[in-house]
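To keep things clear, I will list the structure first and then write my remarks on it.
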Amino acid sequence: MGKSELILRGVITLYVISELIDKRMNGYELEKAISERLMKEMPRGSIYVILKNASRKRLIKCEVIENSRGQKVKVYTVTDKGKEFFYKHEEPLSIAKGIIEELLERIREKKD
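So this is what it looks like as structure tokens:
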């Protein structure tokens, strides 16, 4: 991720966990879901850095399964620790939302 997107890394980690609460997914599916949400493609391979870090912190776990074509695929699921981590961010995200809205308003005022 570039410098301008660095702030998104933590938010994207939370987004990955939220997606995995609903269902297990592989890296490609997660990358596609995030790219659709961001309305732009993620830098190639960046999802795997996020997945590796979240896995190392035991927020998610990886399992290798065989898909319908007989190929080995890594799928990710959220752990109890990951769910707890996700739900603990409600208040900080609410605070950040207000700050972000204020910053966006200031940026728009300065641009005009």
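The sequence shown begins at 1 in full-length UniProt numbering and counts up by one. Here a beta-carbon is modelled for each residue, glycine too, at the ideal position from N, C-alpha and C. Please read all numbers here as calculations on a predicted model, not as lab measurements.
State whether the region 61 to 72 contacts the region 100 to 107, with contact taken as three or more CB pairs (one from each stretch) at a distance under 8 Å. no
Rounded Cβ spacing between lysine 81 and arginine 58 (contact assumed at less than 8 Å): 5 Å
What residue range is occupied by the uninterrupted beta strand (DSSP E) comprising threonine 77? 72 to 78
If you reduce the DSSP assignment to three classes, tell me which class glutamate 41 lands in. coil
Below 8 Å on the Cβ atoms is my contact criterion, and I expect isoleucine 31 with methionine 42 to pass it. Report the Cβ-Cβ distance as a whole number of Å. Note that residue 31 is glutamate in the sequence shown, not isoleucine. With a Cβ gap of about 6 Å, glutamate 31 and methionine 42 count as contacting.
Cα-Cα separation, lysine 97 to arginine 108: 16 Å
Would you tell me roughly how many angstroms separate the C-alpha atoms of valine 75 and glutamate 91, rounded to the nearest one? 30 Å
Near arginine 106, which residues of its chain fall below 6 Å by C-beta distance, leaving aside the five closest residues on each side in sequence? none
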